[in-house]
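> Shown below is the structure under consideration.
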Amino acid sequence: MTRQDRAPTAPYSEPLLPQLDIKNPYYTDLHHNLRAYVRNYVESSIAPYAQEWEAAGQVPEPVRRRHCELGFGIIHPLTTIEDAAGLFLPNNIPREKWDTWCSLIVADELIRTGYVGVIWGLGGGNNIGCPPIARFGTKEQRQRWLPKVAKGDIRFCLGITEPDGLLCSHRMMDVVVY
41 MTRQDRAPTA PYSEPLLPQL DIKNPYYTDL HHNLRAYVRN YVESSIAPYA QEWEAAGQVP
101 EPVRRRHCEL GFGIIHPLTT IEDAAGLFLP NNIPREKWDT WCSLIVADEL IRTGYVGVIW
161 GLGGGNNIGC PPIARFGTKE QRQRWLPKVA KGDIRFCLGI TEPDGLLCSH RMMDVVVY
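In terms of the working numbering, the sequence shown is residues 41 to 218.
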């Protein structure tokens, strides 16, 4: 069960579960196939360019758009097909079979690049800003925002307004472009 086909892309970045010599009772063929699909996508379309994009401070827009077309921009928890703009989930996994393990697998494989800026550039802020809308938003709010996020037309981010809070937000700098 231990993976030995390729070396990790960054030191200590290999996800732990696939390295264990024990069978994960929660993983099905769906999970193993999803990991293979996402790993292939990352190793062929992201990892070879990640250092360049990290240095540039930006993921090229066509790359980000393609990432969304492949279903990686769909926000979880899953709501309706309309909220996902009619897009399919990565590897065409049926919506009713997508679970927390699927989300963990996608995160594991993306993080293997070792470049967090690239992951955030692909849509990491959406994973913080959009779940409250998906879970608690009205139908109108979900329809207004989630399909556009899924397609890559808009992005969400983390906005912090607590300069005296426990976070180091008072040292953060960002640029907003409209």
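Every residue gets a Cβ at the ideal spot worked out from N, C-alpha and C, and that includes glycine. Keep in mind the model is a prediction, meaning the values are calculated, not measured.
Is TRP138 helix, strand or coil by DSSP?
Locating residue 138 in the sequence shown gives position 98, where the first residue counts as 1. Coil, per DSSP.
> Per DSSP, what kind of secondary structure is GLU180 in: helix, strand or coil?
Counting from 1 along the sequence shown, the entry for residue 180 is found at position 140. Looking at GLU180 - three-state DSSP - the assignment turns out to be helix.
> Can you check which of these residues, ILE168, CYS142, ARG135 and GLU136, is closest to ALA76 by C-alpha distance?
For this step, residue 76 is matched to residue 36 along the sequence shown. Of ILE168, CYS142, ARG135 and GLU136, the residue nearest in Cα terms is CYS142.
> Could you pull out every residue in the same chain whose Cβ sits closer than 7 Å to the Cβ of LEU118, ignoring the five residues on either side in sequence?
Position 78 of the sequence shown, counting from 1, holds the residue named residue 118. Closer than 7 Å at Cβ, skipping near neighbours: ARG135 and TRP138.
> Taking a contact to mean a Cβ-Cβ separation below 9 Å, would you say ASN28 touches VAL78 in this structure?
Outside the shown range of the chain, which is 41 to 218, sits residue 28, and nothing can be said about it.
> Can you tell me whether DSSP reads LYS191 as helix, strand or coil?
Here residue 191 corresponds to residue number 151 of the sequence shown, with the count starting at 1. Looking at LYS191 - three-state DSSP - the assignment turns out to be helix.
> Tell me whether the beta-carbon of GLY157 lies closer than 9 Å to the beta-carbon of VAL189.
Mapped onto the sequence shown, residue 157 falls at position 117. Mapped onto the sequence shown, residue 189 falls at position 149. It is not a contact, given that the beta carbons lie outside the stated cut-off.
> Thinking just about the alpha-carbon of each residue, which of CYS170, CYS197, LEU150 and TYR67 is nearest to the one in PRO88?
For the purposes of this step, residue 88 is taken as residue 48 along the sequence shown, with counting starting at 1. That would be LEU150, whose Cα lies nearest to the Cα of PRO88.
> Taking the alpha carbon of GLU83 as the reference point, which residue from ASN166, VAL146, ARG182 and CYS197 has its own alpha carbon closest?
In the sequence shown, residue 83 corresponds to position 43, counting from 1. If we check each option's Cα against that of GLU83, VAL146 comes out closest.
> In or out: LEU56 buried (at least 16 other Cβ within 10 Å) or exposed?
Along the sequence shown, read from residue 1 onward, the residue named residue 56 stands at position 16. The residue in question, LEU56, is exposed, as its Cβ has fewer than 16 Cβ neighbours within 10 Å.
> With a cut-off of 8 Å on the beta carbons, I'd call LEU110 and TYR66 a contact; round off their distance for me.
One-based indexing of the sequence shown puts residue 110 at position 70. One-based indexing of the sequence shown puts residue 66 at position 26. The Cβ separation is near 24 Å, so there is no contact.
> In this structure, how does DSSP classify GLN98 when only helix, strand and coil are distinguished?
For the purposes of this step, residue 98 is taken as the residue at position 58 of the sequence shown. It is coil, neither helix nor strand.
> Just to confirm, does ALA96 get its C-beta within under 8 Å of one of the non-hydrogen atoms of the ligand HEM?
The model on display carries no ligand, and the ligand HEM is accordingly not part of it.
> Under 8 Å: do the segment 168–185 and the segment 85–99 share three or more Cβ pairs, one atom per stretch?
no
> Once you ignore the five residues that flank ARG104 on each side, which residues in its own chain have a CB closer than 8 Å to its CB?
As a working mapping, residue 104 is identified with position 64 in the sequence shown. Cβ within range, chain order: GLY161, LEU162, GLY163 and GLY192.
> Who are the near neighbours of PHE196 in its chain, counting only those whose CB is closer than 6 Å to its CB and skipping five residues on each side?
Here residue 196 refers to the residue found at position 156 of the sequence shown. Counting only Cβ-Cβ distances below 6 Å, and skipping sequence neighbours, we find GLY165, ASN166, GLY169 and CYS170.
> Need the endpoints of the alpha helix (DSSP H) that ASN167 sits in, please.
By one-based count along the sequence shown, residue 167 stands at place 127. First-last of the alpha helix (DSSP H) with ASN167: 166–169.
> Give the range of the alpha helix (DSSP H) segment to which ARG79 is assigned.
Indexing the sequence shown from 1 puts residue 79 at position 39. It spans 69–81 - the alpha helix (DSSP H) in which ARG79 sits, taken as one unbroken run.
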